[in-house]
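**Q**
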Amino acid sequence: MSLLFDLTRLMESGFEAAGIDPAFGAVSVSDRPDLGQFQCNGGLAAARTVGRNPRQIAQQVTDKIESDPRLAEVSIAGPGFINLSITDQALADYLEDAALDTRLGVAPAENPLRVVVDYAGPNVAKAMHVGHLRSTIIGDTLKRLFRLSGHQVLGDAHFGDWGLQMGMLIIATRRRHPDLPHFDQSYSGPYPDSPPISLTDLQEWYPQIAQEVEGDEQVANLARKATTDLQSGRPGYVALWEHFVEVSRHSQQQDFSDLGVEFDLWYGESTVAHLLRPLVDDFLARGVAVRSEGAVLVEVAQPDDKAEIAPLVLETSLGAFLYGTTDVATIQMRVEEMEADLVVYVVDARQSYHFQQVFRAAELGGLVGGTALEHVRFGTMNAADGTPFRTREGGVLRLRDLIEMVTEAAAARLDESDLAADYSPEERAVISRQIGIAALKFGDLINNRASDYLFDLRRFTALEGKTGPYLQMAAVRTGSILERAARKEWGPGPVQAPDHEAERRLMLRILQLPEVIERALELRAPNHLAEFAYAVAGDFSRFYESCHILSEPDPTRRASWLRLVETVRRVLALLLDLLGIEIPARM
RNA sequence: GCCCCCGUAGCUCAGUGGACAGAGCAGGAGCCUUCUAAGCUCUUGGUCGAAGGUUCGAAUCCUUCCGGGGGCGCCA
8 MSLLFDLTRL MESGFEAAGI DPAFGAVSVS DRPDLGQFQC NGGLAAARTV GRNPRQIAQQ
68 VTDKIESDPR LAEVSIAGPG FINLSITDQA LADYLEDAAL DTRLGVAPAE NPLRVVVDYA
128 GPNVAKAMHV GHLRSTIIGD TLKRLFRLSG HQVLGDAHFG DWGLQMGMLI IATRRRHPDL
188 PHFDQSYSGP YPDSPPISLT DLQEWYPQIA QEVEGDEQVA NLARKATTDL QSGRPGYVAL
248 WEHFVEVSRH SQQQDFSDLG VEFDLWYGES TVAHLLRPLV DDFLARGVAV RSEGAVLVEV
308 AQPDDKAEIA PLVLETSLGA FLYGTTDVAT IQMRVEEMEA DLVVYVVDAR QSYHFQQVFR
368 AAELGGLVGG TALEHVRFGT MNAADGTPFR TREGGVLRLR DLIEMVTEAA AARLDESDLA
428 ADYSPEERAV ISRQIGIAAL KFGDLINNRA SDYLFDLRRF TALEGKTGPY LQMAAVRTGS
488 ILERAARKEW GPGPVQAPDH EAERRLMLRI LQLPEVIERA LELRAPNHLA EFAYAVAGDF
548 SRFYESCHIL SEPDPTRRAS WLRLVETVRR VLALLLDLLG IEIPARM
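Residue numbering for the first sequence follows the numbering used here, beginning at 8 and increasing consecutively.
(1) Nearest-angstrom Cα distance between F190 and L229?
(2) List the whole-angstrom C-beta distance separating L642 from L489, where the pair is believed to meet the contact cut-off of C-beta under 8 Å.
(3) Pull up the DSSP beta-bridge partners for G167, would you.
(4) What span of residues does the beta strand (DSSP E) with D125 cover, start to end?
(5) Determine the extent of the beta strand (DSSP E) in which F449 is found, giving its start and end residues.
(6) Quick one: residues in its chain with C-beta nearer than 7 Å to the C-beta of R526, no 5 flanking neighbours on either side, listed in chain order?
(7) Between which two residues does the beta strand (DSSP E) holding E80 run?
(8) Tell me which residues share the same chain as A418 and place their Cβ nearer than 7 Å to its Cβ, disregarding the 5 neighbours each side in the sequence.
(9) With a 10 Å radius around its C-beta and 16 neighbouring C-beta atoms as the bar for buried, classify V342 as buried or exposed.
(10) Check N60 in the structure and name its three-state DSSP category.
(11) Going by the beta-carbon positions, is the gap between G372 and F290 smaller than 7 Å?
(12) Enumerate, from N- to C-terminal direction, the unbroken beta strand (DSSP E) stretches of 3 or more residues contained entirely within the stretch 132 to 210.
(13) Could you give the first and the last residue of the continuous alpha helix (DSSP H) run that contains A417?
(14) Where R59 and G32 are concerned, what is the direct C-alpha to C-alpha distance, given to the nearest angstrom?
(15) Using only CA atoms, which one of N48, S74, A336 lies nearest to I64?
(16) Mind checking which residues open and close the alpha helix (DSSP H) that includes D584?
(17) Residue ranges of each alpha helix (DSSP H) run of no fewer than 4 residues wholly in the stretch 280 to 327, ordered along the chain?
(18) A379 bridges to which residues according to DSSP?
(19) What does DSSP give as the partner residues of G275 in its beta bridges?
(20) So is Q309 buried or exposed if we call it buried at 16+ other beta carbons inside 10 Å?
(21) Hey, out of D200, F263, Q159, whose CA is closest to A246's CA?
(22) Looking at the unbroken alpha helix (DSSP H) that takes in N228, where does it start and where does it end?
(23) Buried or exposed for Q192, going by 16 or more other Cβ atoms inside 10 Å?
(24) Could you check the C-alpha separation between G2 and M480 for me, to the nearest Å?
(25) Of all the options R55, A391, L14, R154, which has the alpha carbon lying nearest to the alpha carbon of N90?
(26) Does the beta-carbon of N130 have 16 or more other beta-carbons within 10 angstroms, so that it is buried, or is it exposed?
(27) Identify whether D355 lies in helix, strand or coil by the three-state DSSP scheme.
(28) Indicate the three-state DSSP secondary structure (helix, strand or coil) for I556 in the structure shown.
(29) Going by C-alpha distance, which of L304, H136, A217 is nearest M173?
(30) Among L404, S359, L557, V575, which residue has its Cα nearest to the Cα of L102?
(31) If you draw a straight line from the alpha carbon of E219 to that of A179, how long is it in whole angstroms?
(32) Identify which residue in G240, G377, G443, V351 has its Cα closest to the Cα of V413.
(33) Thinking C-beta only, is L569 closer than 7 Å to P505?
(34) For V365 and V320, which I take to be in contact (beta-carbon distance under 8 Å), what is that distance rounded to the nearest angstrom?
(35) By the three-class DSSP mapping on this structure, what secondary structure does Q364 have?
(36) For a test of the three-state rule: what should DSSP assign to M8, helix, strand or coil?
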């Protein structure tokens, strides 16, 4: 189906004919475009295993395949690299196939899986801040990528609503509002409908109480007790907790909506609350968990561990469940009820130890079965001094403020544009938001997921160079050309063999799409998509400069170019959709 | 103390054991009477932290060291 796939098959047949394992036939895009469009290094790798000279192997292989009509050039270079180029006609034929394929040559998965993507992880009492950005947009892209590849995917926000934090918030609220009926044990309801607290209150109180809990064992015990009471269903606490959840979620959904991120499920830790007690009792009964100093824990260490791994605490000595408990129970739900084949946790790398404990505990408890559990870790967003990013005031930068900043930067750029002089204020607002979000998302997704990176506002608000708006610009240009052509009643036609270098390079680039998608999925690496989208946009921009489509006099060539432009448009649209970036109508 | 991650151009970052290590920004020189100049062309810039090792071949794999970050039983 795909060009690279077919070339690999061809080389495999060459290796096989030479009596060598066809697995050495892998063809990739050339690192040396001056020597060929594609390369195969299999001869070098095979030399050792078969004990023959790599150049001789390469010669034998190329003798077998060089008569293939698709190949324009086959050569052997250096110690045994095989360089290949295809004919312009073959290139045009492949592009025609891709252009007429609704999936642009991207093959759906052979074995579709049920996948749960656990991402974003908003918490009660916390407005979304920059720390949530990575999980949210990496997770969202992976979700779209799995879905595109034909898997059955559910994205779950995994709301943090059931741990010790809830107890902390309860005692913090009791301090400020001791007279609330929620704290009166003799009160039998009903409790007020409207929240007695706001998210602002919670956000202000939370850091204070968290600090106290850390330093003062008495306060900590109060919080633990309140957590236990909530978890065992004390009505006033439950009613209060529902308000916490409501005010938090309301604000967070606004932010997700601005980012264009939607969840299929908004389950929380509390969703599995009813599973916790039975799970812990069951683990104890089966000897998976043990009691130690009043707490219930699972010994997850294994003999061949390099480092000591602490047991996972399922229940505290005061009877409260922790997030590790809900995580194990959530695995149970995802495996047993949702029948997931794969669960992907898009969570900060700093939690890898926790996930190791949780995955092992679930495995020891026999909850996992054949389901794959995968922590897709990402690096920390750091400030210039190398420590996790904070604002000057010491707090975290709210996502809302960041979105506003990038949107304003985009609006300012729009104001400078002559082209936008007649855009209405409403349209300007829409475009600015689309461009701002694009800058923000691309600025994050272009990074290798696993690396830490420096938070630099300049980078997120940059609109030139390797940025989201650059991709949008290319897409907008394709739209503009197709629209103008349509007005003259010029449509796309059969793809002709290229006769400009920029045209040839663009065609070759587009044909890489299937392998890029495959690789990005395999590595769970959105940056491969972002990098490729940038390359497509760049090749298109160069083509656009050197081949003036609408003034091309030859109608056959013009129609071919329009097909190419249309295909670029579809490729960019597909990639930008995966990256969660919208294409403005104009900019 | 133990474990994990990272160290690549002035800055921010890419980089499937393969050929001369790439991009953006910043710096320098150009290109708008033609499809959107948020663009394009050219250009300056590197002992891939250091030293050993494995390999025909190492930024990539192994070991040690130096430097930075993170994690390590009842927080998330």
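By construction, the Cβ of each residue, glycine as well, lies at the ideal position given by its N, Cα and C atoms. Computed from a prediction, not measured in an experiment: that's the story for all the values here.
**A** Reading off the structure:
(1) Roughly 14 Å between the two C-alpha positions.
(2) With the chain covering only 8 through 594, there is no way to say anything about residue 642.
(3) Beta-bridge analysis with DSSP links G167 to N130.
(4) In the DSSP assignment, D125 falls within the beta strand (DSSP E) that extends over 121 to 125.
(5) No beta strand (DSSP E) contains F449, which is instead part of the alpha helix (DSSP H) from 432 to 452.
(6) Excluding residues up to 5 positions away in sequence, H535 lie with their Cβ nearer than 7 Å to the Cβ of R526 in the same chain.
(7) Element bounds for E80: 78 to 84.
(8) Only R435, S439 meet the Cβ criterion.
(9) Buried, because 16 or more other Cβ atoms sit within 10 Å of the Cβ of V342.
(10) The answer is coil: DSSP assigns N60 none of H, G, I, E or B.
(11) Yes, Cβ-Cβ distance for G372 and F290 is below 7 Å.
(12) 159 to 163, all fully within the stretch 132 to 210.
(13) Segment 406 to 423, the alpha helix (DSSP H) holding A417.
(14) The straight-line gap from Cα to Cα measures roughly 16 Å.
(15) The candidate whose alpha carbon is nearest that of I64 is N48.
(16) Where D584 is concerned, the enclosing alpha helix (DSSP H) stretches over 562 to 585.
(17) Restricting attention to alpha helix (DSSP H) runs no shorter than 4 residues, the stretch 280 to 327 encloses them at 280 to 292, ordered along the chain.
(18) DSSP output for A379 lists L349 as bridge partner(s).
(19) Note: G275 sits in a beta bridge opposite F166.
(20) Counting of Cβ neighbours within 10 angstroms places Q309 among the exposed residues, the total staying below 16.
(21) Among D200, F263, Q159, the Cα nearest to that of A246 is on D200.
(22) Segment 224 to 238, the alpha helix (DSSP H) holding N228.
(23) Classification for Q192: exposed.
(24) One cannot answer for residue 2 here, as it falls past the ends of the chain, which runs 8 to 594.
(25) Among R55, A391, L14, R154, the Cα nearest to that of N90 belongs to L14.
(26) Counting every other CB atom within 10 Å of its CB across the protein chains shown gives N130 a total of 16 or more, marking it as buried.
(27) Here DSSP, grouped into helix, strand and coil, assigns D355 to strand.
(28) In the three-state reduction of the DSSP assignment, I556 falls in the coil class.
(29) Shortest Cα-Cα distance from M173 to any of L304, H136, A217 involves A217.
(30) For the residues L404, S359, L557, V575, the minimum Cα distance to L102 belongs to V575.
(31) Distance between the alpha carbons of E219 and A179: 10 Å.
(32) Checked all of G240, G377, G443, V351; the closest Cα to V413 is G443.
(33) Result no, Cβ atoms of P505 and L569 do not sit closer than 7 Å.
(34) With 8 Å as the limit, V365 and V320 do not qualify as a contact, their Cβ atoms being about 11 Å apart.
(35) Q364 falls in the helix class under three-state DSSP.
(36) Residue state, collapsed to three classes: coil.
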